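Top to bottom, those sequences are chains Z and X.
So for the first sequence, this note's numbering puts the first residue at 1; every next one is plus one.
So for the second sequence, this note's numbering puts the first residue at 1001; every next one is plus one.
Don't be surprised by glycine CBs; every beta carbon is placed ideally from N, CA and C.
Keep in mind the model is a prediction, meaning the values are calculated, not measured.
Below: the structure, in C-alpha cells.
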Amino acid sequence: MPTTATYPEPVLRPIEVTTSKEGADEFAARTDDVKLSTDRVSILYGEKIAVRDVSLTIQERSIMALIGPSGSGKSTLLRCFNRMNDLIPGASVRGAVTLDGENVMETDVSVVELRRRVGMVFQRPNPFPMSIFENVAYGPRRRGQNDRRKLDELVETSLRRAALWDEVKDDLRRKSGLALSGGQQQRLCIARVLATDPEVILMDEPASALDPVSTLRIEELLRELREAYTIVIVTHNMQQAARVSDVTAFFTMAEDRAGYLVEVGPTGRIFTRPNERLTEDYISGRFG
Amino acid sequence: MTATSGSFGRPMAPKPSLRRKSSRGSILADRAATVVLWGTGVLVLLILGSIILHFALAAWGVVSPSFILSDPSETTLGGILPVLWNSIYMLVLTMLIAVPVGVLGGIYMSEYASENAVTSAIRFAEEAISSVPSIVVGLFGLILFVDDAHWGFTALAGALALTFFNLPLMTRLSEQALRAVPQEERSASLALGATKWQTIRHVVVPLAIPGLITGVILTAGRVFGEAAVLLFTSGIGTPPHYNFTNFDLLNPASPWSPFRPATTLSVYIYKLNSEGLGAFKNQIVDGSAAVLISMVLLFNLGARGIGRILTRRLTAS
C-alpha cells in the first residue's frame, strides 16, 4: 500500500521516493480500518492537470490534514471524496476513490447518497438565509424527514454536538443563520452536516475566515468529532494541522503546476522528522 | 516655521501642499459630470412627476367611486367599471399563463441548459420576439386565434398574444434572477445530499424571489399598458353591462369567461381618444389615465409586499 506519492517526472530536485518506516508500520497495523482511499488519482481541468497521481489511505475515526502551498491541489483532491468536482465543467478524475472499499467514481454511484455519507464544510461559512432551525433541518427534510418531534430532536442533538446549542437555543426559529457571528455560522454549518448523519466530514479550510478564538473552538470541536467521524481537513495553518490531526499529508506543486503528494505520515513525525526536504522546508517556513 | 527647515535646523524637502493642483480641465470635467448626472436624475423625476401631476389635476373631479363603479355612458360622464375589470382580468389571465412558463423557462436556461446551439437559438428568439413591434404581435394573434381558430375577439386570444409578447422578457428576467443566486448556496445544498431539483426548489428559487417578482412587475406593467397587442385580439368594442353573478366560464356573457371580448382600460383610452364623440370624452380619458397610473403603482407596491412575504415564508429569515 503506497503511503508516499509516486509521480512520473522528478521535479524541482530529484527526490527519492521512500516510504516512511514508522508511518508504514502504523498504517500496516490498521489497514482494516481504512475508511477512505485514493488510488493513483489524477484530476484534470480540461487539458490542464491539477493533481497528479495521489495515493492515500485515511483511517476510520481519524483526522487527516492536507497541507501544502496554494495551488498544490489539496482542495481539489478533497472535493473528489464527495464528488463535488462533478459540478465543475471540464473537470475529470482518473484513478479510484474509495469509501469503505467501494469506488465512488463509478458511474452508477448515486452522488446524492455519497454526499449524505460524506459531508462537507466549506471555507467560507455558508448558512442558508433561513432560520437556524431550518438550516440544520435542511438535510433531513430533503431525505423526507418531516416528523416535527424527530426534527426537533435531531436539530438539538446536532447543535449540541457542534457546540452551538447553548448560544442559539432561544431563537432557533426566529433568528436567521446569517445573523450569527462568523464562528457561530461555521459551527452551524458543521451542525447542518452532522444532522445528515455522515460517516466522513470533509473540511476545506474551515477556520481560515475566522478569528483565533473561533478557530480554537472549531479545533476543539474537531477533536471531539473525531471520536465518531472520519475527518479530512485542508488547512493552510500548520499549527492547526499539528494541533488537530492524526496524520498529515503534504502536497506541493510540480513545475507544470500540477499538485502532487510529497509525503504522508503521523502528524508528530511529519512536523518533527519529515522524510523529505520539501516538507521540512515548507513546515519550517522556508518555502511556500 | 517654514516648510523647508525641520527640527534641529536640518533642511527638509518641501512638503506637498494640500491645495488643489489638478489642472483646470479635470476640475471642470468633474464639476460638469456632477451637474449633468444630477440634472439627468432631476429630469427623470420631473417627467415622472409632471405626468402624475397632470393626470391628478385633470382627473380631479372626474374620478370618484361612481366613476370607477358604473358602466360607460354616451350621454353622461358614466364610468369605467367594465374596462377596469377587463384590465385586471387580462392581467390575471396573462400572468397565469406567462409566469409559470416564464419561470420554468428561466430555470431551464439558468440551471439546466449548457451553452450550445439550442440555448443560443433560444436567446436569439428571446431577443427577436422582444424587438417585434407589438402591433405585429397583435396582428399575429388576430390571424392565429381570432381568424384561423375561429375564436373571435376573446380575452383568451388577447392573453395568449400578450404571453407571446411577454414570455421572452419574463424568461430572461427569471434567468437573470436565478443566476444571481450565489453558486455557494447551490454547493451547500448539493453537498448536504440534496438532489438538483431539491436544490432549485428549496434554495435557488426562494432566494431568487425578489428578482422573479421584479420580472412579474415589469411584465405586468406591460399588460396594463399594452393596447396594440389587444386591439386585434381581445377587441375594442365598448363592453356591455356585466353581470358579475354569472360564473359560467363557458358563457360569453359572463364577465368571468375567457371566451368573450374584453376591452381593457388602455384600449378604451385609445378608442375614446381617437374616435370618441361623447360630450364627456376628455374627462373620461383623463380619469381613465389617472386610474391606470394608480393601478400600475398599486400593483408594483403590492407585488413587492407579496415578494417580501414570500421570501420570508420560503426562507424563514
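Supposed contact pair residue j and residue i - C-beta distance, whole angstroms, cut 8 Å
i: V51(Z); j: A254(Z); result: Contact flag wrong, Cβ pair sits at about 10 Å.
i: A1149(X); j: T1233(X); result: No, A1149(X) and T1233(X) are not in contact; Cβ-Cβ is about 11 Å, not under 8 Å.
i: V262(Z); j: E276(Z); result: 5 Å
i: S1179(X); j: S1110(X); result: Note that residue 1179(X) corresponds to Arg in the displayed sequence, not to Ser. Between S1110(X) and R1179(X) the Cβ distance is about 5 Å, and since that is below 8 Å, they are a contact.
i: S75(Z); j: V234(Z); result: 5 Å
i: V200(Z); j: L56(Z); result: About 13 Å separates the two Cβ atoms, so there is no contact after all.
i: L78(Z); j: L87(Z); result: Actually they do not touch by this definition, with Cβ atoms about 14 Å apart.
Secondary structure of residue i, DSSP reduced to three states
i: E1175(X); result: helix
i: Q59(Z); result: strand
i: D263(Z); result: The displayed chain sequence assigns Glu, not Asp, to residue 263(Z). Of the three classes helix, strand and coil, the one that applies to E263(Z) here is strand, per DSSP.
i: F122(Z); result: coil
i: Y1108(X); result: helix
i: I233(Z); result: strand
i: K1271(X); result: helix
i: F1067(X); result: helix
i: K35(Z); result: strand
i: T248(Z); result: strand
i: M1295(X); result: helix
i: K48(Z); result: strand
i: T102(Z); result: According to the sequence shown, residue 102(Z) is Glu rather than Thr. Reduced to three states, the DSSP call for E102(Z) is strand.
i: A179(Z); result: helix
i: V1035(X); result: helix
i: G95(Z); result: strand
i: M84(Z); result: helix
i: L1045(X); result: helix
i: I1236(X); result: coil
i: A228(Z); result: coil
i: R40(Z); result: strand
i: R79(Z); result: coil
i: A1113(X); result: coil
i: I1217(X); result: helix
i: S1130(X); result: helix
i: M64(Z); result: strand
Status (buried if at least 16 other CB within 10 Å, exposed otherwise) for residue i
i: L1190(X); result: buried
i: Q239(Z); result: exposed
i: N82(Z); result: buried
i: I43(Z); result: buried
i: T279(Z); result: buried
i: F251(Z); result: buried
i: R1126(X); result: A small correction: the amino acid at residue 1126(X) is Glu; Arg does not occupy that position in the sequence shown. Flag for E1126(X) reads buried.
i: P1043(X); result: One point to set straight first is that residue 1043(X) is Leu, not Pro, in the sequence displayed. Exposed.
i: S131(Z); result: buried
i: D204(Z); result: buried
i: F1244(X); result: exposed
i: H1202(X); result: buried
i: Y1112(X); result: exposed
i: P1255(X); result: buried
i: G1061(X); result: exposed
i: L1037(X); result: exposed
i: Y282(Z); result: buried
i: R142(Z); result: buried
i: P306(Z); result: With chain Z represented from 1 up to 288, any question about residue 306(Z) goes unanswered, as that position is not in the structure.
Close-in-space but distant-in-sequence residues of the same chain around residue i (CB under 8 Å, 5 per side omitted)
i: L1250(X); result: S1257 and F1259
i: W1151(X); result: F1145, A1157 and F1259
i: L114(Z); result: N82, R83, L99 and V104
i: E296(Z); result: For chain Z, the structure presents residues 1 to 288; residue 296(Z) sits outside this window and is missing.
i: G1323(X); result: What the structure shows of chain X is the stretch from 1001 to 1317, and residue 1323(X) is not part of that stretch, so it cannot be assessed.
i: A1303(X); result: I1213, V1216, I1217 and A1220
i: L1167(X); result: A1098, V1101, G1102, G1105 and I1129
i: T1163(X); result: T1094, I1097, A1098 and V1101
i: S1288(X); result: I1080, V1083, L1265, Y1268, I1269 and L1272
Beta-carbon contacts of residue i that lie in its chain and below 7 Å, excluding the five residues immediately before and after
i: Y1089(X); result: A1155 and A1262
i: N1086(X); result: P1239, A1262, T1263 and T1264
Contact check, residue i vs residue j, beta carbons under 8 Å
i: G1193(X); j: R116(Z); result: yes
i: L225(Z); j: G182(Z); result: no
i: I1200(X); j: L1310(X); result: no
i: L164(Z); j: Q145(Z); result: no
i: L1265(X); j: V1083(X); result: yes
i: Q59(Z); j: D33(Z); result: yes
i: A162(Z); j: L221(Z); result: yes
i: F1224(X); j: M1170(X); result: no
Close beta carbons around residue i, own chain, < 6 Å, minus the five adjacent residues each side
i: A195(Z); result: V136, G139, P140, L154 and S158
i: I270(Z); result: T248
i: F1280(X); result: L1077
i: S1274(X); result: none
i: T1119(X); result: A1113
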